[in-house]
Structure formats: structure tokens, C-alpha cells
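Chemist: Please read through the structure below; I'll follow up with questions.
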């Protein structure tokens, strides 16, 4: 547990120092939001369609940001044999995986913290009262993205590919998260709460997905960082 | 084994396939509404079932590789993925042809269609990564992908099913509600496809083993056997 915290703190300090990664991903997801909102501008004014646009914009922006973020967080360690040093220092691979996933999740959460208000403004969301519940759905989604993103980034960076290769690998894997997230967000925007069994169901799916992939990925991660 | 397959396997399979085509077109009765277009079903569903079988085999091989680091797990794994991709391509090609006559559209967002497409895309990504890695790193990465994609398939399947609840209910195992003669022709097709799948995988994994042996020989000559 202490290893985990140390590693996460190290990564976050590293990111905070340069700030470059956070800034570039933020601008990137901002542009994704802008472009998607622009592309669907004609439906504004229609309440039901509007909700659909907000929900899908948020999640697509998250997906794209997730691809970029996951690659960078792993790439840092690939450089100069950092992974080897970490392994030599006695860090267990599962802890390393969980640390990278946590860093990834914190970065994505930071990005969402900035992106959500912008999306609300661009797409004319009516209420801010749902924000805590929305944060909960996003948290589940971010956990799924980071869990899958980290393990797949370990593969794609090893194969010498960057974001393009990673997106081939993780976007199909993330279909359940995207569907679940978008559906849950839609009901949330329409009803303001997770009242109907449909949205509860999607939340359960997200939780199951997160747990399964965190568990399996932390087991196989060991083999993916061997040099 | 190759000689055995050539002298015995190919003739037997050819005869069986001729029999299969006879059964499909002459033995099984004509469907009342869909007429001849329904005949594609015998190939389409059989290919789909074989593709699912292939990816399940790859999943098991992925686990096998981590448990017992034996080359055969990797060879059979890549063989099943490739053969599975061919069968999924058959499914994706025959599906729209049938859908055009039956549903009057090439494509619809039915769970089956989406799952199959996602499945196909996942394993295309697998081959992309496989092509850009070598040695143990490749085997580890491929095993991880085979496992993660394998887990993802049922989750995706369920999530899409719940996302689009309008899909036609086929009621349990495919083929159980068919007319008896149709059922016989259908299961014969399925068995035949699986019978074709087995030698294809066996041959492809032997090719993989031979390719590895050849690479090892090259290395030996280059580095004078010091490896």
C-alpha cells in the first residue's frame, strides 16, 4: 500500500512539475467537445436529443482523453529503463499496475473536472444539481478506462506504437463502458436521479466491468513489463 | 500430418461439403417467407459458431501460456485467432447479404451484429500488435490480449443486448425451433465447419512452429550459436 502511494505521488509530482501532459490532454478533450457539439448543433433546443448529445459528447471526450493519457503515463516509464529500475527496487508488478491505473484515473478525473462544465455550457445543460451523481458515474467510467487503458498501453508502447495502436486495442474493449456510461448519464440528465431500474442496471454493469478488468489486468501486467 | 491431410482430409472434407450443399439446397425444405435467401443461414450461423469457438480456444491458450510457458499454447493461439478472423469475416460478409433481402437493410444495430463486428476489430488489433513484436514479449502480450478480449466478449454481448432490447428472440440454442429436416441440415453444417476448423488450426500452428524454428536457426547462424 505504501509503495502504491509513493508511486502515485511520484507520478503526480512529475506531471505537476511539467503540467504539459494535463494541459495538452485538456485542450484536446476541449476540442473534441467543441467539434462534437458543433457537429450536432442543429438538434439543440430539442430536449431529448440535447440530452443524448451531452451524454455522448462527455463520454467520447473521455474515451479520447483516456487513450492519450494512458499512453503517456506508461511511456514515461518505458524511457531510460525506468520499469526495470522500479522492478529492481522491489515493487511488485500488481502494485505497479494499480499505481499507474490510479495516476491515470486521477489525471482523467482532473480533465473531466474541467471538461464537464465546458460541455454543460456548450450544450446548454439545464441543471447543475446532478453533478455529484454525474461524478459518480464518471468515476466508474474513469476506473474502467484506466484499468483497460493502462494494461493495453503497456502492450502498445512495447510494440512501438503510440496512441493510434492503443486506440485500435482499447476502443473495442471499452464498448461496454461507453454504452453503460452514456445510458446512465442520459437517465441522469433526464430524471435527475438513478431512479429507474434501467440506470441502476447500467451502474451495476460498470461496477462489474471495473472489478473484472482491474483483477485480470493486475495479474497479467507482470508479463507485459518484462524486458 | 500434412501429407495425411492432403491425401485423406481434403477428399473427405470435399465430399462432406458437397453433401452439406446438397442437404442445404435439396434436403432441407424451402422456408415459407424468406425462400432461397434463408439458405445462407446454414453457412452464416455455422461460421459464427465456429468463430466463437476459435476465440474461446485462443482465450484458453492465453491462460495456458501463463500457467505453463510452453510454445504450443502460443502456436495454437495465433492459429485460432487467424482462423477465427476468417470465419468472422464470412459471418460479416454473409450477414448483410441476407439482411438486405430479409430486413430490407444492409445493416441494423442489433446486438448480434455489433458484437460480431467488435469481436472482429479486437482480433484485428491483436494481429497488428503481434506483427510488431517478437520473442517472449510477443507471446506475453498476445496471451494478455487473448484473455482480455475473451473476457470482454460476453460482457459486450450482454451490454449490447440490454442496450438494444428490440432484437429478435431466437429462444435458447440456435436451431432448436427449426423444422426437423432443417435442423439436421443446420447441425450438419455446424459440425462440418468445426471439422474444417480443426485441421486449419493444426496446420497454421505447425506453420508457426516451423517459422519459429527457422528464426532460431537464423539466429544461430548469425551469432554462432551463442544465444
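Residue numbers (this note's numbering), protein chains in the order written: chain L, 671 to 897; chain U, -5 to 221. Here a beta-carbon is modelled for each residue, glycine too, at the ideal position from N, C-alpha and C. Fair warning: this is a prediction, and the values are worked out from it, not measured in the lab.
Is the number of C-beta pairs between the segment 689 to 707 of chain L and the segment 727 to 747 of chain L that are closer than 8 Å three or more?
Modeler: The segment 689 to 707 of chain L is in contact with the segment 727 to 747 of chain L.
Chemist: So if I threshold CB-CB distances at 7 Å, which residues from the segment 104 to 119 of chain U count as touching chain L?
Modeler: Flagged, chain order: 112, 115, 116, 119.
Chemist: What does the Cβ neighbour count give for residue 830 of chain L, buried or exposed, with the cut at 16 atoms within 10 Å?
Modeler: Its Cβ having fewer than 16 others within 10 Å, residue 830 of chain L is exposed.
Chemist: What does residue 146 of chain U touch in chain C if you count any residue whose Cβ is under 7 Å from its own?
Modeler: The chain inventory of the structure shown lacks chain C, comprising the protein chains L and U.
Chemist: Verify whether the separation of the beta carbon atoms of residue 36 of chain U and residue 217 of chain U is less than 8 Å.
Modeler: Against a cut-off of 8 Å, the Cβ pair of residue 217 of chain U and residue 36 of chain U comes out as no contact.
Chemist: Is the beta carbon of residue 824 of chain L closer than 8 Å to that of residue 894 of chain L?
Modeler: A contact, by the Cβ cut-off of 8 Å.
Chemist: Helix or strand or just coil, what does DSSP make of residue 166 of chain U?
Modeler: In this predicted model, residue 166 of chain U has a pLDDT of only 46, less than 50, meaning its place in the structure is not dependable; the value taken from the coordinates is given anyway. Residue 166 of chain U falls in the coil class under three-state DSSP.
Chemist: Whose C-beta lies closer than 6 Å to the C-beta of residue 816 of chain L among residues of the same chain, with five residues either side of it excluded?
Modeler: Hits under 6 Å: 771, 774, 775.
Chemist: Please look up how many angstroms separate the CB atoms of residue 851 of chain L and residue 807 of chain L, rounded, as I've assumed it's under 8 Å.
Modeler: Going by Cβ atoms, the distance from residue 851 of chain L to residue 807 of chain L rounds to 6 Å, so yes, they are a contact pair.
Chemist: Below 8 Å on the Cβ atoms is my guess for residue 804 of chain L versus residue 858 of chain L; work out the distance and round it to an integer in Å.
Modeler: Going by Cβ atoms, the distance from residue 804 of chain L to residue 858 of chain L rounds to 6 Å, so yes, they are a contact pair.
Chemist: Just mark residue 2 of chain U as buried or exposed, buried being the case when its beta carbon has 16 or more other beta carbons within 10 Å.
Modeler: It is exposed - the Cβ of residue 2 of chain U has fewer than 16 other Cβ atoms within 10 Å.
Chemist: Using a Cβ-Cβ cut-off of 6 Å (strictly less than) and excluding sequence neighbours within five positions of residue 765 of chain L, which residues of its own chain qualify?
Modeler: These residues qualify, in order along the chain: 673, 674.
Chemist: Under the assumption that residue 87 of chain U contacts residue 31 of chain U (Cβ atoms under 8 Å), give the Cβ distance between them as a whole number of angstroms.
Modeler: Not really, about 15 Å apart at Cβ, beyond 8 Å.
Chemist: Can you pull the chain U residues whose beta carbon is under 9 Å from the beta carbon of residue 802 of chain L, in chain order?
Modeler: Simply none; closest approach about 25 Å.
Chemist: Strictly under 8 Å for the Cβ-Cβ distance: is residue 760 of chain L near chain U by that measure?
Modeler: It does not: the Cβ of residue 760 of chain L has no partner Cβ on chain U nearer than 8 Å.
Chemist: Taking the alpha helix (DSSP H) that residue 685 of chain L falls in, what are its first and last residues?
Modeler: Where residue 685 of chain L is concerned, the enclosing alpha helix (DSSP H) stretches over 672 to 688.
Chemist: Quick one: is residue 161 of chain U near chain L, going by C-beta distance under 8 Å?
Modeler: Caution applies to residue 161 of chain U, whose pLDDT of 43 falls short of 50 and renders its modelled position unreliable; the value that the coordinates give is listed next. Taking Cβ atoms only, chain L never reaches closer than 8 Å to residue 161 of chain U, which makes this a no.
Chemist: Could you please give the first and the last residue of the uninterrupted alpha helix (DSSP H) stretch that includes residue 128 of chain U?
Modeler: Neither: residue 128 of chain U is in no alpha helix (DSSP H) and is coded neither H nor E.
Chemist: Quick one: list the residues of chain U neighbouring residue 850 of chain L, beta-carbon separation under 8 Å, in chain order.
Modeler: The answer, in chain order, is 153.
Chemist: Hey, is residue 14 of chain U's beta-carbon within less than 8 Å of any beta-carbon in chain L?
Modeler: Not closer than 8 Å to any Cβ of chain L, the Cβ of residue 14 of chain U fails to qualify, so no.
Chemist: Are residue 735 of chain L and residue 697 of chain L touching if we call contact CB-CB under 8 Å?
Modeler: Against a cut-off of 8 Å, the Cβ pair of residue 697 of chain L and residue 735 of chain L comes out as no contact.
Chemist: Measure the beta-carbon distance from residue 860 of chain L to residue 721 of chain L and round it to whole angstroms, keeping in mind my assumption that it falls under 8 Å.
Modeler: So it is a contact: roughly 6 Å between Cβ atoms.
Chemist: Apart from the five residues just before and just after residue 846 of chain L, which ones in its own chain have a Cβ nearer than 6 Å to its Cβ?
Modeler: Cβ within range, chain order: 879.
Chemist: Within 8 Å, do at least three Cβ pairs link the segment 132 to 145 of chain U to the segment 49 to 61 of chain U?
Modeler: Yes, since at least three Cβ pairs between the segment 49 to 61 of chain U and the segment 132 to 145 of chain U fall closer than 8 Å, the two stretches touch.
Chemist: Please work out which residues of its chain come closer than 6 Å, Cβ to Cβ, to residue 892 of chain L, disregarding the five sequence neighbours upstream and downstream, and give them in chain order.
Modeler: So the qualifying residues of the chain are 763.
Chemist: Under 9 Å Cβ-Cβ, which residues of chain U neighbour residue 894 of chain L?
Modeler: Those are 131, 134, 135, 138, listed as they occur along chain U.
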